[in-house]
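Scroll down for the structure; my scribbles are underneath it.
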Amino acid sequence: MPKDGGIGASSKRREDVRFLTGNGNYTDDINMRGQAYVHFLRSDIAHGTLTSVDTSAAAAMPGVIQIFTGDDFAEIGGMPCGWQVTDKHGEAMQEPKHPVLAHGKVRHVGEPIAAVVADTLEQARDAAEAIEVEIAELPAVVNMKDAVKDGAPKVHDDLTSNLCYDWGFVEENKAAVDGAFEKAAHVTTLELVNNRLVANPMEPRVAIGDYNRSDGEHTLYTTSQNPHVIRLLMGAFVLGIPEHKLRVVSPDVGGGFGTKIFHYQEEAFCTFAAKAINRPVKWTSTRSEAFMSDAHGRDHVTKIQMALDADNNFTALRTDTYANMGAYLSTFAPSVPTWLHGTLMAGNYKTPLIYVNVKAVFTNTVPVDAYRGAGRPEATFQLERLVDKCAHELGVDPIALRRQNFITEFPYATPVAVEYDTGDYVATMDKLEEMSDIAGFEARRKESEAKGKLRGFGVNCYIEACGIAPSNLVGQLGARAGLYESATVRVNATGGLVVMTGSHSHGQGHETSFAQVVAEMIGIDENMIEIVHGDTSKVPMGMGTYGSRSIAVGGSAMVRATEKIIAKAKKIASHLLEASEGDIELKDGAFSVAGTDKSVAWGDVTLAAYVPHNYPLDDIEPGLEETAFYDPSNFTYPSGAYACEVELDPETGVVTIERFSAADDFGNIINPMIVTGQVHGGLAQGIGQALLENCAYDEDGQLLSASYMDYAMPRASDLPFYDVDHSCQTPCTHNPLGVKGCGEAGAIGSPPAVVNAVLDAMRSGGSKVEHIDMPVTPSRVWAAMNG
Amino acid sequence: MYNFDVEQPTTLADAVQALSRDEAQPLSGGQTLIPTLKARLAAPSVLVSLSGIDEMKGVCSDDAGRVCIGAATTHATVAREVADLYPALAGLAARIGDPAVRNRGTIGGSVANNDPSACYPAAVLASGATVVTNKREIAADDYFQGMFETALKEGEIVTEVKFPVPEAAHYEKILQPASRFPLVAVFVAKFPDGVRVAVTGASNNGVFRWSDAEAALGGDFSAQAVADLKIDSADMISDLHGTAEYRAHLVGVMTKRAVAAIA
Amino acid sequence: MTQVTMTVNGKAASGDVEGRTLLAQFLREDQGLTGTHIGCDTSQCGACVVHVNGEAVKACTMFAVEANGATVETIEGQANADGSLNVIQQAFQDHHGLQCGFCTPGMVMSAAALLKENPKPSEAEVRHYLDGNICRCTGYHNIVKAIMAASGQDVSAIAAE
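Residue numbers (the working numbering), protein chains in the order written: chain A, 1157 to 1943; chain B, 420 to 682; chain C, 1213 to 1373.
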């Protein structure tokens, strides 16, 4: 029977009511009295020297309050990068200044050159057209391999080259890996592209800056996944505002998927300008602006090789990857192709020797950073495509080859520096085989063939590292932040609770699932618990939501704070019950003395805490409020196996997804309904990457997919009903809830299954194709089959 | 958007009068024009809305048996009201864009804009329809003059389109997955005196008739007749979504499938 | 500026607008009805879908002056008279048909228009009808399921919690 509340229940989401009735409070819904509007004049040239920005005519236009250019920010810090990668020679990465407004040069289409603040948005746009900008155009570098050639035009003149870093991992293993390749019975090699994507949360970014002259406090309303991080980065590194004079609010946020983690120029600008003009300043991105100003995702070019012995055991793996950084380092960009990618290259397999090389490259394109999965989809895609290619070359069953090489004993220390605590890859594969009805596939293939179509089946496994992350470890790896989470639990006199969490919900349903955890721990109704997030003035500290970390890290912090609450409440109860503290039990919202019928209700205890007439004042303070910081001791390792079945029209190359099955192991689960929804959404983004989405530039650095007219967002009619299962559960061993995280799995685990299925279909039609790059568009399929 | 006035005449005569103002531009359903204005790619001083003119709305049949559709008639209305009169045309209208777009977008707007990937031009050209304006009647073969180019002159507005109804017709399209416009689409119309085949989405010159296919189908109206027919890819659009060669190939496939649906 | 008057969710609403003022702007900025969202500038995402004279339209692709005299329904007017969720809204909550909530108003308004035209749509009909509504969170599974459930169809055979 499904539970009707607490941990494990599919509680309906409480946040839905406001969203379904139009009562959400998104940042663009906020309008400040007297607010001005800013329009950013953005570069339409990918690379050039900014010789002149003449704002004099524009400044005289109606409604214009002030126009800002790069000169106004020359003395101010650049946009900070939160992660410093050390290269294979022990040197720090090259780290260019990232100005708030372009200064000296423009380095990508969309880079802001000037900001016009006016009474109305249209006045600001009118004036922006009157700004005279002179740019001496320079050759753009777009292709990564060209960018690192000798003599290539440099994106940053003050750097030695366009190479941000050349990272080897684990460098000490390289010789042993190369040795294993020399002895291999079989080597499979695959070259592939992981296509650049745009995250595209449906709510475009918005920033509103406000400044209160009476108390000197700045407020920024922004569409962020981590308002405290923005407060720290912007306050400390860009504008020099102490945290106690800077409030950052992220109210309802309409999706993030990674791209709303980062600190952006528009946030710093609006905060700065609000003080400068003494009026609130609002910026709302258009979708077209979002395409050229939101950090992009993926964009790797990889050569990967597997060495196998004569019995088809994986003996060594090596990869060479070029990772596009874009023109500047976005907040966490350097970590994505390294620590979120190289550490996952073992996948689900006991390959004993692994070497990963990553060259991060500057190009004249929009900065690239984390997008749902961040590094882990890139690792999974190359590895799972490679394993399929191995099986194809060796003439063995791809599932059998995977099973033969699975890690089966845990904990398992990989050769790429992480230790998987738990997992059961055989169980998820067993489950997947059952769900995907492999036995019925040949019959379904014949049905397709009778209609003149081809049918293909593809699988893959995945492993991810979530619950980001142990602070001492990431500190050693170059993180310039801790990655703990905090929670404060405030119990009111009448027994209701407010949980202030540093996690941020922008679709994940924390207001519901977090309340379920606390309700379970105390034994009270979920509706007695309010979850507060997204405001630095309400929540003491927070590192935010990304990397499938909220329940594993934020949830654990909340558990720790709630444990402290319960411990103190037991002390109060023991006083009220005149019993020994050790004999007090909490069950179903009441404290009782073990072995007796004496009890006192939760509400009596909370009231006593605030009306301490009969209270152990010598022992403990009144009040009932506790804070905990939780720093995880390891990552969590969700894993799973996915299968995709496609039908392919050989005449047109059109691929349709006929079935998609996903067997995941997320450890323990708080709200199965929400977890299933997270997987669905991830699958749609992964299938989107595989079949539809492509952020493309031409050789001059012009963005070709600059709106929904050319960037193909998955629609309902592009996708099937999915079959999702998470009954395989190996709980995480090192966090109090035993949870692993589920937000990114679908996006990480689905692209290789889709591509493997498409290749299977193509081969069933007689094609000799070995690989096809994403997105697998009809045009590409047709060309590959007829090339 | 730059600012402009919106005039909302209720008669064709008033609309024509309003359009004589400097930098005046007609506004039909606005489903293409408004995004263009948002991008500041057009700067009219006045938009003359045609959606309040009752005499430009609705569907009827004339004495010659033609289906006559007022230019301000929405795609949704055409999909509903033409279903019995000219099912292939109704089917085309029912699959333009999405439901909300179909409730605003009009046949006149589509035909006047002549987007190289729009659906309606294929039906107009394949049907040998007549485009009626406030000044004259223009045969479809004379009306479409290249990408976004038509025979319309300054101040001339499309008021009606008259479609001869073929014995059989079918519209077959493959979608460009982002815009949901046709990547390539073909309208085949079989008349007693011959077959007309119009292709949209494919050519840099906009909608066109595929004469080789028409000739082949004139003699033998079967999918087999066009199965091996190839079209030159030289003038085909090549972009992110498909190469010129792919589009040329699709013209053949869509034609064959359209014929197969009705042969 | 032109004065426009329309009936929005059963109440008279009027204001002075420019020619270029979009219906979506009029609703959001003049009327404070911020449930109608703007997610793109190419008329594709559908976050702004409202009903004008009973038909679903994209409020970001229609001028406010074009709605002068019209009857407009927005997400804010969809709940039952007692404030409880209507059948479609309730189905979206019951079947987890929303996550971040940004596309949701447009989805609900499109679903309402669909069910008026087609009271028992098939899965394919629902998916096709949503071609002009983009959701980035749900993968559509639970939206399609919710709309079919709202139409009174048994969706228990469709996978998921």
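All residues carry an ideal CB built from backbone N, CA and C; glycine is no exception.
Can you pull the DSSP bridge partners for residue i?
i, result
"Ile-1355(C)", "Its beta-bridge partners do not exist; DSSP assigns none."
"Ala-653(B)", "DSSP, once it has assigned bridges, lists no residue as partnering Ala-653(B)."
"Lys-592(B)", "Ala-604(B)"
"Lys-1270(C)", "Val-1261(C)"
"Pro-1268(A)", "Arg-1198(A)"
"His-1927(A)", "According to DSSP, His-1927(A) bridges with nothing at all."
"Ser-468(B)", "Leu-446(B)"
"Ala-1643(A)", "Thr-1657(A) and Ala-1784(A)"
Anything in chain B within Cβ reach of residue i, meaning under 8 angstroms, just list it in chain order.
i, result
"Trp-1938(A)", "Tyr-665 and His-668"
"Glu-1855(A)", "In chain order: nothing, as chain B lies at least about 14 angstroms away."
"Ser-1226(C)", "What Ser-1226(C) touches in chain B: nothing, since even the nearest Cβ is about 17 angstroms away."
Excluding the 5 residues flanking residue i on each side, which residues of the same chain have their C-beta closer than 8 angstroms to its C-beta?
i, result
"Ser-1693(A)", "Arg-1403 and Val-1405"
"Ala-1573(A)", "Phe-1325, Val-1326 and Thr-1499"
"Val-1835(A)", "Ala-1818, Asp-1820, Tyr-1878, Val-1880, His-1882, Cys-1898, Ala-1901 and Gly-1902"
"Ala-635(B)", "Ala-644, Val-645 and Leu-648"
On the premise that residue j lies in contact with residue i, defined as a C-beta separation below 8 angstroms, what is that separation, rounded to the nearest angstrom?
i, j, result
"Ala-1483(A)", "Phe-1428(A)", "Their Cβ separation, rounded to whole angstroms, is 22 angstroms, which puts Ala-1483(A) and Phe-1428(A) out of contact at 8 angstroms."
"Ala-1270(A)", "Ile-1287(A)", "5 angstroms"
"Ala-1362(C)", "Ala-1303(C)", "4 angstroms"
"Pro-1407(A)", "Asn-1181(A)", "5 angstroms"
"Gly-1238(A)", "Thr-1487(A)", "5 angstroms"
"Ala-1840(A)", "Pro-1931(A)", "14 angstroms between Cβ atoms; not a contact."
"Ala-1765(A)", "Gly-1779(A)", "6 angstroms"
Going by beta carbon distance, what residues of the same chain come within less than 6 angstroms of residue i, once the five residues before and after it are set aside?
i, result
"Phe-627(B)", "Val-618"
"Glu-1373(C)", "Residue confidence is low: Glu-1373(C) scores 47 on pLDDT, short of 50, so the model does not pin down where it sits. No coordinate-derived value is stated."
"Asn-1354(C)", "His-1307, His-1308 and Gly-1309"
"Gly-1227(C)", "Asp-1242"
"Val-1749(A)", "Leu-1733, Ala-1735 and Asp-1739"
"Ala-495(B)", "Arg-521 and Asn-522"
"Asp-1366(C)", "none"
"Leu-1327(C)", "Ser-1363"
Anything in chain A within Cβ reach of residue i, meaning under 7 angstroms, just list it in chain order.
i, result
"Thr-1283(C)", "Correct list: empty, because the minimum Cβ distance to chain A is about 17 angstroms."
"Val-672(B)", "Glu-1807 and Thr-1808"
In chain order, what residues of the same chain lie with their CB nearer than 7 angstroms to the CB of residue i, ignoring the 5 residues before and after it?
i, result
"Ala-558(B)", "Thr-549"
"Gly-1651(A)", "Met-1684, Trp-1758, Gly-1759 and Thr-1762"
"Val-1298(A)", "Thr-1519, Asn-1520, Thr-1521, Tyr-1853, Glu-1855 and Gly-1857"
"Ala-1466(A)", "Ala-1341"
"Met-1157(A)", "Residue placement at Met-1157(A) is poorly supported in this model, since its pLDDT is 48, which falls under 50; the coordinates are not used for a value here."
Buried or exposed: where does residue i fall if 16 or more other Cβ atoms within 10 Å of its Cβ makes it buried?
i, result
"Cys-1888(A)", "buried"
"Ser-1212(A)", "exposed"
"Glu-1142(A)", "Residue 1142(A) lies beyond the stretch modelled for chain A, which goes from 1157 to 1943, so this question has no answer here."
"Thr-430(B)", "exposed"
"Lys-1924(A)", "exposed"
"Asp-1977(A)", "Since the first residue of chain A shown is 1157 and the last is 1943, residue 1977(A) is not available in this structure."
Using a Cβ cut-off of 9 angstroms, pull out every chain A residue sitting near residue i, in sequence order please.
i, result
"Leu-1394(C)", "Nothing can be reported for residue 1394(C), as the shown portion of chain C is limited to 1213 through 1373."
Anything in chain B within Cβ reach of residue i, meaning under 7 angstroms, just list it in chain order.
i, result
"Leu-1860(A)", "Leu-659"
"Arg-1339(C)", "Within 7 angstroms Cβ-Cβ: nothing; Arg-1339(C) doesn't reach chain B, min ~12 angstroms."
"Tyr-1864(A)", "Ala-597"
For residue i, go through chain C and note every residue whose CB falls closer than 9 angstroms to its CB, in chain order.
i, result
"Asp-1408(A)", "Cys-1312, Gly-1313 and Phe-1314"
"Ser-470(B)", "Glu-1278"
"Arg-1169(A)", "Gln-1305, His-1308, Leu-1310 and Gln-1311"
Interface residues of chain A around residue i at Cβ under 8 angstroms?
i, result
"Asp-1366(C)", "Ordered by position in chain A, no residue passes the 8 angstroms Cβ test against Asp-1366(C), which lies about 14 angstroms from the chain."
"Gln-1301(C)", "Leu-1176 and Thr-1177"
Using the beta-carbon of each residue, which ones in chain C are nearer than 7 angstroms to residue i?
i, result
"Arg-423(B)", "Inspection of the sequence shows that residue 423(B) is occupied by Phe rather than by Arg. Those are Gly-1231 and Arg-1232, listed as they occur along chain C."
Could you list which residues in chain E have their beta carbon closer than 7 angstroms to that of residue i, in chain order?
i, result
"Lys-476(B)", "Here chain E cannot be found, since the structure's protein chains are A, B and C."
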